[in-house]
Amino acid sequence: MTFVAPEEFNLAEWLLDARVAEGRGDRVALRLAGESHTYRQVLGLADRFATVLAGLGVRPEERLLLALPDGAEWVGALFGTLKAGAVAVPVNPELPAEALAALIDYLRPRWAIVDGAQVARWAGAIGLARERLALLTVGDVAPGCPSFEELGRTVAERFENVRTHRDDPAVMLFSGGTTGRPKAVVQSHRSYAFTTVAYGQGILGLGPEDVTLAVPKLFFGYALGSNLFFPFSVGATACLFPERATAEAVFAAIRRYRPTLLVNVPTMVQQMVSHPEAAAADLASLRLVTSAGEALPVPLHQRFVETFGVELLDGLGTAEQWHVFLTNRPGRIRPGTLGEVVPGFEVRVRDDAGEELPDGETGLLWVRGGARAAGYFREHDKSLATFRGEWVVTGDLVTRSPDGYFTYQGRGDDVLKVGGKWFSPAEVESCLAAHPAVAECAVVAVANEEGLVKPHAVVVLRPGHEASEDLVQELQDHVARSLQPYKTPRSIRFLTDDFPRTHLGKIDRAKLRLVF
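FYI, in the working numbering the residues of the sequence shown are 129 to 644.
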């Protein structure tokens, strides 16, 4: 399934207005604890946001930060921004003031839509930033800040959408790298529609009767698609919960909403299978679970399927292509792989010089398709390195099998060379994850006193196992027996808490290196 957008095209109109126009206005669009919202109600909320933003002087193509907890207001604010022709930039609402100040200076937005209860933190960020920013609050009223509820109380619930071009910027996402400052990726209205049809409808097979639930929050592009754009494109129901995702919270949400699709990440897969009540959890409503964001080790994949009895589709997507373009498919799952290419995309494996490599050899992933970003905002040199004509060079390393399955081998900047030989940390991580004592792990490169790079591991243990020198030796022996000895971590550190995470919830490998 592919999608060709007309020249005049607005994503909010395609996802939301069209559902009401085709007679689905009374269907439930959103479900939250204790409340639900129909497509007609969400449309009215979005139109009020658009009217308020236009009244504040927000202009077409102007960047606008969206920093709210997941909820109906988040959805209304996003669609309202698109209806007004502006560019939504979703950000983690829990970012500290210093990180918010850096975003303000980088993106130079004039407005941010924020939770009124968090205005003090935003005021601190504004005080640290060089650029100026005004706040539109939702919820609590804050002195000196316009309130959406107050301004929206008297405006009409119908807004005439700004005429946008299919290639106008719509939503700017942040690249999910594990090192360095996140880069804002400029994506167009048609990019989002293309993958919604190609992957959401074509691969996941979403229809009006589906109910979706996501572990990551909506500011993460993976969840924005799978738990908002995909269900809205077919008149299905998306379920939201603003609280922090834990195994208990996810199990409770599944009991409450009975979703048919769970949008998951490897960290939560591990937490769910390791939960003391995992065997008693009722996941019978689910027909599919997806995983993306990080590599999913084969032992973890197998434990999930054995515990819950539901198909788990691992895949790969990037902010530069917005969403998933490599995925396992229902009935054609090969654990340990990223699956096959999503129709509408093309993937090649190439060396540093751009020459195509034969099947079985590890190389850089090149991808092209209908969801290619325009580039990185204010990052010309990095854009030139990544966006090469129709192709995007993601920086990921993969191998391709003769029958078209791709296997993730790590990031190009994470691959280690030890004793003159290359290997991927992902390979060692998958090996460690197979040990019964290991709940989660990460392998990083650290230079020794002579400047030689060596692999080191950080491990979170499963309940019932304790850190010890004997266990370190046991884990090292396990890797040496399973892989070549040179891939054995030179040291292993144990964490008693969770790993440090990036703004997208991925393991922050740069911070991990500091523990050695």
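Don't be surprised by glycine CBs; every beta carbon is placed ideally from N, CA and C.
Coil, strand or helix - residue i by DSSP
i      : result
His606 : helix
Gln398 : helix
Phe347 : coil
Tyr536 : strand
Gly305 : Residue placement at Gly305 is flagged as unreliable, the pLDDT there being 49, under the threshold of 50; the coordinate-derived value follows with that caveat. Here Gly305 sits in coil by DSSP.
Gln329 : helix
Gly467 : strand
Gln601 : helix
Ser316 : strand
Glu141 : helix
Thr624 : coil
Residue i, enclosing alpha helix (DSSP H) - first and last residue
i      : result
Ile254 : Val247 to Leu256
Ser680 : In the structure displayed, the chain extends from 129 to 644; residue 680 sits before or after that span and is not available.
Val426 : Val426 to Phe436
Arg147 : Ala146 to Ala149
Leu560 : Pro553 to Ala561
Thr616 : Careful: Thr616 lies outside any alpha helix (DSSP H) and carries neither H nor E.
Val128 : Outside the shown range of the chain (129 to 644) lies residue 128, about which nothing can therefore be said.
Phe453 : No alpha helix (DSSP H) holds Phe453; the beta strand (DSSP E) holding it covers Val452 to Thr455.
Thr514 : His508 to Thr514
Arg637 : Arg637 to Leu640
N-terminal and C-terminal residue of the beta strand (DSSP E) that residue i is part of
i      : result
Asp233 : Segment Ala225 to Leu235 is the alpha helix (DSSP H) holding Asp233; no beta strand (DSSP E) there.
Leu160 : Val156 to Leu160
Cys569 : Val566 to Ala575
Asp498 : The sequence as given places Gly at residue 498; Asp does not occur at that position. First-last for Gly498: undefined, no H or E at that position.
His584 : Val581 to Leu589
Glu277 : That residue, Glu277, is in no beta strand (DSSP E); its alpha helix (DSSP H) goes Phe276 to Gly280.
Asp442 : Leu440 to Gly445
Thr265 : Ala262 to Val266
Thr340 : Val339 to Ala342
Residue of the options minimising C-alpha distance to residue i
i      : options                           : result
Ala575 : Ala140, Ser619 and His317         : Ser619
Val215 : Ser275, Val283 and Leu301         : Leu301
Gly421 : Leu368, Leu411, Ala351 and Phe473 : Ala351
Glu150 : Glu163, Asp268 and Pro336         : Pro336
Asp487 : Val475, Gly498, Arg496 and Ala481 : Val475
Val413 : Leu341, Phe432 and Leu642         : In the sequence under discussion, the amino acid at residue 413 is Ser, which differs from the Val named in the question. Minimum Cα distance to Ser413 is reached at Leu341.
Glu288 : Ala248, Asp145 and Gly353         : Asp145
Leu411 : Val433, Ile382, Ser419 and Gln398 : Ile382
Arg361 : Val266, Pro394, Val325 and Ser402 : Here residue 361 is Ser; the residue named in the question, Arg, does not match the sequence. Checked all of Val266, Pro394, Val325 and Ser402; the closest Cα to Ser361 is Val325.
Glu201 : Gln169, Arg431, Val186 and Gly445 : Gln169
Val588 : Pro564, His606 and Arg386         : Pro564
Phe649 : Asp154, Arg155, Glu222 and Glu141 : Any question about residue 649 goes unanswered here, given that the chain covers just 129 to 644.
Gly517 : Gly498, Phe369 and Val581         : Gly498
Leu196 : Glu190, Pro218, Tyr385 and Leu444 : Pro218
Pro471 : Gly523, Gln601, Leu603 and Thr455 : Thr455
Leu493 : Gly503, Ala501 and Thr522         : Thr522
Cβ-based neighbour list, residue i, same chain, cut-off 7 angstroms, excluding 5 preceding and 5 following
i      : result
Pro427 : Ala561 and Ala562
Arg281 : none
Thr624 : none
Asp268 : Gly244 and Ala245
Ala284 : Thr179
Leu127 : Because the chain in this structure spans residues 129 to 644, residue 127 falls outside the shown range and cannot be described.
Closer than 8 angstroms: residue i CB and nearest the ligand NAP heavy atom
i      : result
Gln246 : Although the ligand NAP was asked about, the structure shown includes no ligands whatsoever.
Contacting residues, own chain, Cβ-Cβ under 6 angstroms from residue i (five flanking each side not counted)
i      : result
Leu228 : Ala253
Glu259 : Ile232, Asp233 and Arg236
Ile241 : Leu194, Ala205 and Leu264
CB contact check: residue i to chain D, cutoff 9 angstroms
i      : result
Leu603 : Here there is only one protein chain, and chain D is not present.
Cβ-based neighbour list, residue i, same chain, cut-off 8 angstroms, excluding 5 preceding and 5 following
i      : result
Phe137 : Thr292, His293, Arg294, His317, Arg318 and Ala321
Leu334 : Gly328, Thr340, Phe358, Pro359, Ser361, Val362, Ala364 and Leu389
Phe379 : Met400, His403, Glu405 and Ala409
Pro226 : One detail in the question is off: residue 226 reads as Glu in this sequence, not Pro. Only Ala253 and Leu256 meet the Cβ criterion.
Tyr533 : Arg462, Thr465, Leu466, Gly467 and Glu468
Open item on the list: Extract the residue ranges of the alpha helix (DSSP H) inside the region 158–219, only unbroken runs of 4 or more that lie entirely within it.
Closed with: 167–183 and 200–211
- [ ] Only counting runs of 3 or more residues, tell me where the beta strand (DSSP E) segments fall wholly within the region 367–397, in order along the chain.
- [x] 389–392
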